[in-house]
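Structure first, commentary second.
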Amino acid sequence: MMNNLIPLYKNELKRYFYSTGNYVFIALFGLVNNWLFFQNFFLNQQASLSAFFQNLPFLLLFLIPALAMGLMSEEKNKGTWEILLSLPVKEAEIILSKYLAGFTVVIASFLTTIALPITVYTHGNPNISVIFTGYLGALILSASYLALGVFVSSLTKQQTISFLITFAVLFVNDIFSQDYFLLRLPLSFRDVISSLSLTPYYKNIVNGLITLKGIVFIMTWIITFIILSYFHLKSRKDSR
Amino acid sequence: MIKVSNLTKTFGQIKAVDNISFELKPKIITGLLGPNGAGKTTTMRMLTGLVTPDKGKISINNKDIKKEPLEIKKMLGYLPEENPLYSFLTVKEYLNFISEIKGIKNTKKEINKYVRDLGIDKVMNQKIENLSKGFKQRVGLSASLMGNPDLLILDEATSGLDPNQRIEIRDYLKKIKKTILFSSHILSEVQQICDEVIIINEGKIIAQGKINKLLKAKQQLKVGFKNTTKTKVEKEIKSNKDIEFELSKDKGIIWLTISSNKKIDLRKPVWKISEKLDAQIYQMEEEKQDLENIFSRLTKSNDE
Ligand SMILES: Nc1ncnc2c1ncn2[C@@H]1O[C@H](COP(=O)(O)OP(=O)(O)O)[C@@H](O)[C@H]1O
Ligand SMILES: [Mg+2]
Numbered sequence: 399m400m401n402n403l404i405p406l407y408k409n410e411l412k413r414y415f416y417s418t419g420n421y422v423f424i425a426l427f428g429l430v431n432n433w434l435f436f437q438n439f440f441l442n443q444q445a446s447l448s449a450f451f452q453n454l455p456f457l458l459l460f461l462i463p464a465l466a467m468g469l470m471s472e473e474k475n476k477g478t479w480e481i482l483l484s485l486p487v488k489e490a491e492i493i494l495s496k497y498l499a500g501f502t503v504v505i506a507s508f509l510t511t512i513a514l515p516i517t518v519y520t521h522g523n524p525n526i527s528v529i530f531t532g533y534l535g536a537l538i539l540s541a542s543y544l545a546l547g548v549f550v551s552s553l554t555k556q557q558t559i560s561f562l563i564t565f566a567v568l569f570v571n572d573i574f575s576q577d578y579f580l581l582r583l584p585l586s587f588r589d590v591i592s593s594l595s596l597t598p599y600y601k602n603i604v605n606g607l608i609t610l611k612g613i614v615f616i617m618t619w620i621i622t623f624i625i626l627s628y629f630h631l632k633s634r635k636d637s638r
Numbered sequence: 383m384i385k386v387s388n389l390t391k392t393f394g395q396i397k398a399v400d401n402i403s404f405e406l407k408p409k410i411i412t413g414l415l416g417p418n419g420a421g422k423t424t425t426m427r428m429l430t431g432l433v434t435p436d437k438g439k440i441s442i443n444n445k446d447i448k449k450e451p452l453e454i455k456k457m458l459g460y461l462p463e464e465n466p467l468y469s470f471l472t473v474k475e476y477l478n479f480i481s482e483i484k485g486i487k488n489t490k491k492e493i494n495k496y497v498r499d500l501g502i503d504k505v506m507n508q509k510i511e512n513l514s515k516g517f518k519q520r521v522g523l524s525a526s527l528m529g530n531p532d533l534l535i536l537d538e539a540t541s542g543l544d545p546n547q548r549i550e551i552r553d554y555l556k557k558i559k560k561t562i563l564f565s566s567h568i569l570s571e572v573q574q575i576c577d578e579v580i581i582i583n584e585g586k587i588i589a590q591g592k593i594n595k596l597l598k599a600k601q602q603l604k605v606g607f608k609n610t611t612k613t614k615v616e617k618e619i620k621s622n623k624d625i626e627f628e629l630s631k632d633k634g635i636i637w638l639t640i641s642s643n644k645k646i647d648l649r650k651p652v653w654k655i656s657e658k659l660d661a662q663i664y665q666m667e668e669e670k671q672d673l674e675n676i677f678s679r680l681t682k683s684n685d686e
């Protein structure tokens with residue numbers, strides 16, 4: 399069925415880890431998280447992941463659009479797209495391989511925060527399930543951000559534009575969950591608007607609350623953007 | 383069998399490819415010749431499934447590209463213009479990747495075959511980005527050849543190479559006896575590599591056929607005879623079935639213009655006539671028109 403998924407995925411990873419720029423994004427992500435965490439740890443003698451998970455939706459606003467901005471378009475710019483599409487591969491394999499490679503890089507990015515749970519485990523309240531649900535939420539949120547990023551990257555060959563659009567949409571998505579925004583809305587709107595944002599569902603998962611509504615919303619989000627990317631590719635609208 | 387009919391592709395206002403039809407003869411190299419912007423690349427991109435035609439049909443071995451794109455792609459080898467490659471891979475990694483995607487069973491054997499033939503064994507472990515242009519071209523060519531495709535599509539495969547590299551690629555392509563569609567905007571290149579040619583301009587086919595024929599049909603000789611008559615000359619020249627002719631008379635001189643599709647020396651029948659009729663040759667000029675003249679005449683409207 400998807401025989402070519404693995405070779406395509408491996409090739410994507412090789413591409414990714416070949417470019418120095420991508421290491422910079424990952425390193426920056428690790429740096430910021432470790433710095434925030436250990437500053438708090440040394441100044442306040444507190445070993446807690448709650449600040450880390452709370453800041454994540456905001457930090458991922460930068461990381462994911464940066465990782466995703468060239469995901470679909472780099473090959474178009476470099477010309478290898480012509481080779482790729484002339485090979486006997488399915489459109490779905492192309493989209494999925496790129497999405498999964500991007501997600502693998504997300505996982506690699508989270509590996510740079512490995513010192514955080516270890517410190518919490520050895521110095522603080524060693525509650526494994528909090529660490530687990532926290533990272534689960536983080537990965538699910540990243541996977542959602544990334545799905546949007548893949549779609550936007552398939553629409554434009556210009557990476558800066560891709561970054562900005564993804565960033566803007568995710569920013570609005572996050573605003574929809576913020577009290578300072580919601581409180582300005584009529585009461586009846588608040589629930590509707592905040593249920594359209596990924597952030598509340600993410601916060602629930604981090605807190606160990608996994609709801610059907612949350613799963614349905616997140617799955618719908620991811621699948622929608624993957625399918626949109628698929629149909630866009632299938633239409634060959636921007637082939638040159 | 384490769385068959386293209388009524389293929390059309392429009393980009394906004396530009397008719398990049400305008401209702402073209404052709405068939406490719408097996409095991410020979412067909413040139414797709416035309417000036418820049420003629421629609422060569424677009425035609426090839428439609429053949430490889432990168433661009434969807436607005437109209438028309440493409441079939442290879444009786445499979446329709448619309449209905450079975452994957453089956454068609456399995457039968458294709460494509461070397462795009464500019465030869466894009468995954469520059470972050472080594473040659474070996476790249477060829478392995480292509481082999482895996484094409485589902486080739488005996489990867490090692492298949493790779494070795496082209497590596498040896500094209501002399502890239504020395505660079506197998508080098509990153510593609512560090513290769514010279516000539517080596518890159520051979521890597522791209524190897525990749526397109528892997529899996530022994532029924533149709534090889536080469537877009538300006540020799541442009542940008544130095545003369546020696548060009549000759550190597552040219553000789554190799556001639557040697558392998560595959561069905562090849564070879565595009566170029568350089569006439570001499572097509573003349574040297576291809577057996578058949580399709581000349582395309584502004585998206586339309588303006589001439590197609592055997593190169594030899596296109597060349598020779600236009601090889602003609604104009605002779606003026608003195609001391610004879612039109613009827614006599616006509617009678618003599620008619621006896622030669624290989625020759626087409628035109629006759630006219632001007633101020634006592636019989637003008638004979640002859641041409642032939644056959645590979646013959648057109649002067650010989652002229653000498654024969656002169657001898658036989660005892661007619662003096664007043665003037666004789668060769669109006670040799672090679673493909674160059676045809677090409678430039680046909681594409682005069684938009685010279686590069
Ligand atoms: N994706 C595209 N969008 C708009 N115009 C295009 C596109 N691809 C090709 N063209 C135009 O179509 C015409 C044919 O181009 P092309 O097939 O590349 O010609 P060639 O390969 O013979 O030089 C040109 O006028 C070119 O500018
Ligand atoms: Mg071209």
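Same order as they appear, the protein sequences are chains F and Y.
One rule links them: number in my numbering = place in the first sequence (from 1) + 398.
One rule links them: number in my numbering = place in the second sequence (from 1) + 382.
Backbone N, C-alpha and C fix where the C-beta goes; we use that ideal spot for every residue, glycine too.
- Assignment of T489(Y) by DSSP, reduced to helix, strand and coil, places it in the helix class.
- With distances taken between CA atoms, Y628(F) lies nearest to I493(F) out of I493(F), E410(F), S448(F).
- At the C-beta level, S551(F) and F574(F) stay beyond 9 Å of one another.
- Considering only Y407(F), I621(F), N602(F), the residue with the shortest C-alpha distance to S495(F) is Y407(F).
- Within the model, the alpha-carbon separation for K422(Y) versus K595(Y) is close to 22 Å.
- The beta carbons of L477(Y) and Y460(Y) sit no closer together than 9 Å.
- Neighbourhood of G542(Y) in chain F, by CB distance below 7 Å: empty, with the nearest CB roughly 14 Å away.
- The beta carbon of E571(Y) sits closer than 7 Å to those of T540, all from its chain and outside the five residues before and after it, given in chain order.
- Relative to the non-hydrogen atoms of ligand 1, the Cβ of D532(Y) never comes closer than 8 Å to any of them.
- For F450(F), the closest C-alpha among the options K601(F), I620(F), T618(F), K632(F) is that of K601(F).
- K518(Y) sits in a helix when the DSSP states are folded into three classes.
- Under the 8 Å Cβ criterion, the stretch 499-506 of chain F does not count as touching the stretch 484-501 of chain Y, having fewer than three qualifying pairs.
- Within chain Y, no C-beta atom comes less than 9 Å from the C-beta of L583(F); the nearest is roughly 44 Å away.
- In the three-state DSSP reduction, M399(F) falls in the coil class, being neither helix nor strand.
- With its beta carbon less than 9 Å from one in chain F, G485(Y) belongs to the interface.
- If you check the CB distance, G606(F) and T510(F) do not come in under 9 Å.
- The beta carbon of S552(F) does not come within 9 Å of any beta carbon belonging to chain Y, so the residue lies off that interface.
- Between P435(Y) and M428(Y), the gap from beta carbon to beta carbon is short of 9 Å.
- Close to T418(F), with beta-carbon spacing below 8 Å, lies no residue of chain Y; the smallest spacing is near 11 Å.
- With fewer than 16 neighbouring CB atoms inside 10 Å of its own CB, A513(F) falls in the exposed class.
- Residue contact with chain Y for T478(F): present (Cβ-Cβ distance below 9 Å to some residue of chain Y).
- Around the Cβ of Y599(F), a 10 Å sphere holds 16 or more other Cβ atoms; the residue is buried.
- Two segments are said to touch when three or more pairs of C-beta atoms, one from each, lie closer than 8 Å; by this definition the stretch 391-411 of chain Y does not touch the stretch 541-553 of chain Y.
- Between ligand 2 and the CB of T430(Y), the shortest heavy atom gap is not smaller than 8 Å.
- Cβ-Cβ distances below 7 Å link V505(Y) to V473, L513, F517 in the same chain, with the five nearest sequence neighbours on each side left out; the list follows chain order.
- Every residue whose beta carbon comes nearer than 6 Å to a heavy atom of ligand 1 appears here in chain order: R638(F), F393(Y), I396(Y), A398(Y), G416(Y), N418(Y), G419(Y), A420(Y), G421(Y), K422(Y), T423(Y), T424(Y).
- At a Cβ-Cβ threshold of 9 Å, I624(F) and V570(F) do not count as neighbours.
- According to the DSSP assignment, I582(Y) belongs to no alpha helix (DSSP H) but to the beta strand (DSSP E) extending over 578-583.
- Checking the DSSP bridge columns, you'll see D537(Y) partnered with S565(Y).
- Here W653(Y) is exposed: its Cβ has fewer than 16 other Cβ atoms, across all protein chains shown, within 10 Å.
- Under DSSP, T639(Y) takes part in a beta bridge, and its partners are K604(Y), E628(Y).
- Near chain Y, meaning a CB-to-CB distance below 7 Å, the residues of the stretch 453-487 of chain F are K476, G477, T478, E480, I481, L483, S484, L485, P486, V487.
- Taking the C-beta atoms as reference points, S484(F) is found nearer than 9 Å to L432(Y).
- Taking the Cα positions, S417(F) is about 19 Å away from F508(F).
- Distance from the C-beta of S565(Y) to the nearest heavy atom of ligand 2 is below 8 Å.
- Among the residues of chain Y, those whose CB is under 7 Å from the CB of K412(F) are F470, L471, following chain order.
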